[in-house]
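A short write-up of the structure that comes next.
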Ligand code: TYD
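In structure tokens:
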């Protein structure tokens with residue numbers, strides 16, 4: 461299988477490439493990535509010696525870059541390229557619409573023109589919006605409420621429209637909150653782990669009772685590979701870890717595992733604007749393909765903490781420069797007006 465993976469220098473994409481090359485010996489991967497702040501060459505450094513892997517710097521919004529990456533032919537495109545952080549989308553929505561909607565459109569046009577046999581769009585449970593009770597199924601109405609989730613929903617709807625209109629051979633996966641090694645330290649788990657390692661307090665939004673379903677990145681990547689190989693064209697598959705926890709529970713676990721105290725190391729700060737209270741996924745459809753998550757939450761979280769402890773040289777440079785500017789824009793006023 462010859463794959464074009466877009467956004468493969470990011471968190472989930474880099475794990476997917478590693479998994480595909482490890483478990484499918486006849487697989488070859490071209491990784492097209494524009495190298496935003498979240499696209500980190502260090503995430504794929506161990507793959508560079510593998511002759512089945514090649515890297516191309518380019519933007520999915522750039523039609524020529526996309527077309528030149530698929531010359532030579534590919535059997536499938538897997539689109540991980542996206543702006544993904546809700547808080548950044550609140551500060552700066554335009555980038556999200558450009559990459560997550562327009563970029564998806566450019567890829568879909570390439571699928572159509574070059575008759576690529578499969579296109580898989582990596583999406584998120586956030587497109588369903590806030591679910592007070594129960595679990596979202598793939599046929600639920602999309603009610604995104606942040607600029608990020610609205611952009612991802614826009615991308616998903618384009619993908620499904622290309623199936624209905626042009627019979628483009630598409631698949632969509634909607635993953636839940638993902639954690640594990642190599643995650644940029646702006647998201648809840650790596651931000652809190654790295655703050656706690658550095659003896660800094662963690663900024664918990666609002667009452668901390670918001671609930672997310674956590675999936676380990678290996679389980680998420682495996683789900684994407686299995687949907688790519690066995691999913692039914694034109695379909696959406698939810699990939700959830702089945703580990704619903706409140707942010708407060710996660711914070712307490714991390715504080716304890718890192719040997720800190722909630723009294724000194726948790727700061728309750730102003731809530732995120734439009735903050736969704738709860739996400740939960742029904743994963744029966746993906747499980748019918750034979751996929752199920754394998755990594756228990758307690759073990760996954762412990763090994764993730766160990767990875768951040770052992771790999772300071774990976775994350776420390778990321779917490780300077782661009783990250784500092786973002787952190788100040790995002791947190792300065794919140795920390796000043798801590799609850
Ligand atoms: P995040 O990792 O940003 O993922 P998402 O918003 O896509 O779910 O956040 C996970 C949860 O953690 C979310 O409810 C917001 C909360 N959160 C905090 O309380 N403090 C923080 O500093 C961050 C980044 C997130």
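Numbering (my numbering), first residue to last: 461 to 799. C-beta atoms are modelled at their ideal positions from N, C-alpha and C, and glycine is treated no differently.
Residue environment, residue i, which counts as buried when at least 16 other CB atoms sit within 10 Å
i           : result
residue 581 : buried
residue 780 : exposed
residue 769 : exposed
residue 633 : buried
residue 585 : buried
residue 793 : exposed
residue 773 : exposed
residue 624 : exposed
residue 505 : exposed
residue 678 : buried
residue 760 : buried
residue 593 : exposed
residue 564 : buried
residue 766 : exposed
residue 544 : buried
Beta-carbon gap between residue i and residue j smaller than 8 Å
i           : j           : result
residue 596 : residue 550 : no
residue 503 : residue 639 : no
residue 492 : residue 472 : no
residue 507 : residue 478 : yes
residue 714 : residue 668 : no
residue 680 : residue 734 : no
residue 731 : residue 589 : no
residue 433 : residue 571 : Limits of the chain in this structure are 461 at one end and 799 at the other, which puts residue 433 out of reach.
residue 701 : residue 673 : yes
residue 512 : residue 534 : no
residue 613 : residue 579 : no
residue 541 : residue 467 : yes
residue 880 : residue 738 : Nothing can be reported for residue 880, as the shown portion of the chain is limited to 461 through 799.
residue 497 : residue 556 : no
Whole-angstrom distance between residue j and residue i, CA atom to CA atom
i           : j           : result
residue 577 : residue 686 : 16 Å
residue 560 : residue 615 : 6 Å
residue 727 : residue 787 : 15 Å
residue 562 : residue 720 : 44 Å
residue 783 : residue 777 : 9 Å
residue 482 : residue 474 : 12 Å
residue 740 : residue 725 : 28 Å
residue 655 : residue 742 : 33 Å
residue 771 : residue 754 : 24 Å
residue 553 : residue 711 : 28 Å
residue 775 : residue 693 : 38 Å
residue 790 : residue 598 : 33 Å
residue 698 : residue 524 : 32 Å
residue 651 : residue 548 : 14 Å
residue 746 : residue 558 : 30 Å
residue 495 : residue 517 : 7 Å
residue 461 : residue 630 : 16 Å
residue 600 : residue 748 : 19 Å
residue 602 : residue 587 : 6 Å
residue 647 : residue 663 : 11 Å
residue 509 : residue 522 : 28 Å
Presumed contact (8 Å Cβ cut-off) between residue i and residue j, rounded CB distance
i           : j           : result
residue 501 : residue 469 : 6 Å
residue 729 : residue 795 : 6 Å
residue 751 : residue 682 : 7 Å
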